[in-house]
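Input: a single structure, listed below in structure tokens.
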Amino acid sequence: MADVLVYVLHYEGAFNKNSLGAVSEGAARAAEVGGSCHAVVVGGEDLTIELCRTLGGYGATKVFRAGGPEGLAQPVVDVMANVIDEHGHRYALFGGGLLGFEIGAGLAARRQAGVTMEVTAVRAEGGELVAERPILGDSQISVSRYRGELGIIIGRINAFEIRSAPGSDLAEVVDVEVDYSPWSNRAKMVTRGEQRGADVDIEGADILVAGGRGLGKAEGFELMERLAKAFGGNTAVAATRAVVDAGWYPYAAQIGQTGKTVSPKLYLAAGISGAIQHKVGMQGSENIVAINKDANAPIFEFADLGVVGDLNKIVPKLIDAIQAKKDS
Amino acid sequence: MKICVLVKEVPDAAVEKRIDPSTGRMDRSGEKNLNPYDTHAIEAAMQLREGGAIEVDEIVAVTMGPESAVRALHKAVSLGADRSIHLTDSSLAGSDVAATGYALARALTKESPDLVLLGQQSDDGECYTIGAVVADHLQMPSLTQVIKMDVEDDALRCERQAEYGYDTVQVELPAVISVGDAINEPRYPSLKAIMGAKKKPLDTVSATDVGIDPALVGTDGSRVVCGDFHAPPAKATGQIIEDEDTTETVAKVVAWLDERKLI
């Protein structure tokens, strides 16, 4: 028996997409190693029985539900350790996201388990699950095999596709009572999910022009907005985590791990180095153009067209040239 | 209060990183430097000390690694740490994330810090999780990728970006906090601080000194075995234009976009 326990994150009564993908993945892989896929949820009253049972539609047969604080990792470690003690799951699986990294690592410490993060594929091999993880700037794939009683697999953002489980019924919901560790009670959520900056919509755009730290200052986004205007039509401006945290652009426009995932027809990145956390949110774009003055920037590894140069020289001329092309 | 800052020596960003096929571990020869993310953690400690909201008696840099890792400690001290601890032992080589976090936690236990700070990730292993491992062993509350940290009584009010926007979390001390690179702009060390770094106290400790169970560390004590290193499916490499004549560059970009009907 090699059961898989998947942590499912939720917010305001809706499950996280990466978590749902992880349930689908967990169900498919568990079936290959003769086990079942179970889900675990921790939170408040928005975790209704009806909502939890819908996880059956992605392949979970049981959902362990515990009342507890939301958005914090350590209480979930307590719940998962408790559920695994009782039921002996062989693997714990997480969809991509910050909380999954924290919970998975805490659980690894608690259970002396192996943990692999940023996993892009899980395979069954001789009755065991192995996890593939890109390393060294995605230039190599490393394969993790687990020793011991528990293996922990933390996916990369968007690594696991959401699939409906054919013929699956609604999942059984099992309530669990957990005595939280004293240290789990020593962190308290004050406010969660605060949106900072204007509410802009970038997910439906055909063309995204995105700016990063290479813009140099907040005013650099004026240039990006002019570029978006030159493209016209359904074009929007997007940003990296670094510049959003710096307050240069609204959070709603952020691409990547803790932001949006997009796949426009054109993604034009200016002054963006292309860190993994950014790449995972935009690598599905049909055409990727990158302008960066650092010829060694990782973004050139996956751009379809890369321009090595000073964006402050290039973008203004590009705006004029696009305008001229459209006027001709 | 006492702050311990976890630091790590990583290959310099300019060095091409590779896996040594004979050992399956990262080839760590070549130029090395202090993990750039860790400089934010040291700066955060310095700002707590200088901020005056809480009295910081001591900032201690802690690392685990081979002999050469001493240089990362010197750098950490030049950036403001008062002294440093070097956990080094051949039995620790090949430790995975969980084993490394356990070993570091053992070294920290001896220090009984009020706050453990670290950078959000290492520049080489691309691992974001050491903080959470260490916190569970130390039985302390923990938060990662913190970009703002204010002292409030016996707690830290921390802000970070998570799945659904910005979260504000009140974390009681003692705690383990990993900081994001947006939290501050690390200062440059003065020449005097660089010259004086080697004179600051540095304790070298072994696995036995800090009570590490040998069965839980090193290659044999690790629960993950990494192998089968291979290249990912090749992606067609993109076209690169070096901008020399910007008018010409822009014409090429426009033509490229036009061919794909993107204008």
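Those protein sequence lines, which keep their order, are chains U and F. Each residue of the first sequence is one higher than the last, beginning at 1 in the working numbering. Each residue of the second sequence is one higher than the last, beginning at 1001 in the working numbering. Beta carbons are placed, not taken as given, at the ideal position from N, Cα and C, and that holds for glycine. In this text the structure is predicted, and so the values were computed from the model without any measurement.
Nearest candidate by alpha-carbon position, reference F:Asp1012, set F:Gln1239, F:Asp1123, F:Ile1212, F:Val1062 = Measuring from the Cα of F:Asp1012, the nearest candidate turns out to be F:Asp1123.
key: beta strand (DSSP E) runs wholly inside the region 1198-1240 of chain F, at least 3 long, in chain order   = Qualifying beta strand (DSSP E) stretches, in chain order: 1202-1205, 1224-1230.
task = Would you tell me roughly how many angstroms separate the C-alpha atoms of U:Pro298 and U:Val4, rounded to the nearest one?
result = Cα to Cα, the separation comes out at about 35 Å.
task = Take U:Ala218 as the anchor and find which of U:Gly197, U:Gly232, U:Ala230, U:Asp78 has the nearest alpha-carbon.
result = Of the candidates U:Gly197, U:Gly232, U:Ala230, U:Asp78, the one whose C-alpha sits nearest the C-alpha of U:Ala218 is U:Gly197.
request  = Rank U:Gly35, U:Thr235, U:Ile322 by C-alpha distance to the C-alpha of F:Thr1247 and give the top, closest one.
outcome  = For the residues U:Gly35, U:Thr235, U:Ile322, the minimum Cα distance to F:Thr1247 belongs to U:Ile322.
request  = Would you mind working out which of U:Gln195, U:Arg147, U:Asn18, U:Leu51 sits nearest U:Gly95, comparing C-alpha positions?
outcome  = When each option's Cα is compared against that of U:Gly95, the closest is U:Asn18.
ask   = Which whole-angstrom value is the C-beta distance of F:Leu1104 and F:Leu1173, which I expect to be below 8 Å?
value = Between F:Leu1173 and F:Leu1104 the Cβ distance is about 19 Å, and since that is not below 8 Å, they are no contact.
ask   = Are there three or more Cβ pairs, one per stretch, closer than 8 Å when the region 1135-1151 of chain F is compared with the region 1018-1027 of chain F?
value = No, they do not touch.
task = Using the DSSP secondary-structure output, state which residues sit across from F:Ala1061 in a beta bridge.
result = F:Ala1061 is bridged to F:Val1005, F:Ser1084.
ask   = Going by Cα to Cα distance, which pick from F:Gly1165, F:Asp1114, F:Tyr1128, F:Ala1081 is closest to F:Val1171?
value = Per the Cα distances, F:Asp1114.
key: Option in F:Gly1052, F:Leu1087, F:Gly1080 with minimal Cα separation from F:Ala1069   = By alpha-carbon distance to F:Ala1069, the top candidate from F:Gly1052, F:Leu1087, F:Gly1080 is F:Leu1087.
Within 8 Å, strictly: CB atoms of F:Tyr1037 and F:Asp1243 = A distance of 8 Å or more separates the beta carbons of F:Tyr1037 and F:Asp1243.
request  = Count the CB pairs spanning the region 137-150 of chain U and the region 1210-1230 of chain F that are closer than 8 Å, and state whether there are at least three.
outcome  = Verdict: yes, contact present.
key: Terminal residues of the beta strand (DSSP E) in which U:Gly330 lies   = This structure gives no information on residue 330 of chain U, because the portion of chain U shown stretches from 1 to 328.
request  = Closer than 8 Å by beta-carbon distance: list the chain F residues that pair up with U:Met80, in chain order.
outcome  = Those within 8 Å of U:Met80 in chain F number zero; the least Cβ separation is about 12 Å.
inquiry  = Give me the residue from F:Glu1058, F:Lys1032, F:Val1169, F:Asp1089 with the minimum Cα distance to U:Gly71.
reply    = Measuring C-alpha to C-alpha distances from U:Gly71 to each of F:Glu1058, F:Lys1032, F:Val1169, F:Asp1089 identifies F:Val1169 as the nearest.
message = Which residue marks the beginning of the beta strand (DSSP E) containing U:Cys52, and which one marks its end?
response = Secondary structure note for U:Cys52: it is in no beta strand (DSSP E), and the uninterrupted alpha helix (DSSP H) holding it is 49-53.
query = Residues of chain U with a CB under 8 Å from the CB of F:His1137: which are they?
reply = Neighbours of F:His1137 on chain U, chain order: Ala109.
query = How about F:Val1146 and F:Cys1158: do their beta carbons lie closer than 8 Å?
reply = Between F:Val1146 and F:Cys1158, the CB-CB gap stays under 8 Å.
request  = Would you mind stating whether U:Gly233 and U:Asp201 have Cβ atoms separated by less than 8 Å?
outcome  = Going by C-beta atoms, U:Gly233 is not nearer than 8 Å to U:Asp201.
ask   = What separation, rounded to the nearest whole angstrom, lies between the Cα atoms of U:Thr261 and F:Ala1045?
value = Rounded to whole angstroms, U:Thr261 and F:Ala1045 show a C-alpha spacing of 34 Å.
query = Enumerated in chain order, which unbroken segments of the beta strand (DSSP E) with a length of 3 residues or greater are wholly contained in the region 1133-1193 of chain F?
reply = DSSP runs (the beta strand (DSSP E)) wholly in the region 1133-1193 of chain F: 1142-1152, 1155-1162, 1165-1172, 1175-1179.
query = So, is the C-beta of F:Arg1223 closer than 8 Å to a C-beta in chain U?
reply = Taking Cβ atoms only, chain U reaches closer than 8 Å to F:Arg1223, which makes this a yes.
request  = Give the secondary structure of U:His38 by DSSP, where H, G and I count as helix, E and B as strand, and everything else as coil.
outcome  = Three-state DSSP puts U:His38 in a strand.
request  = Report the option in U:Ile291, U:Asn292, U:Asn296, U:Ala269 whose CA atom is closest to the CA atom of U:Gln283.
outcome  = Nearest C-alpha to U:Gln283 among U:Ile291, U:Asn292, U:Asn296, U:Ala269: U:Ala269.
query = Do F:Ser1095 and F:Val1217 have their C-beta atoms within less than 8 Å of each other?
reply = Yes, the Cβ-Cβ distance between F:Ser1095 and F:Val1217 is below 8 Å.
ask   = Roughly how many angstroms separate the alpha carbons of F:Val1179 and F:Ala1041, rounded to a whole number?
value = Cα to Cα, F:Val1179 sits roughly 6 Å from F:Ala1041.
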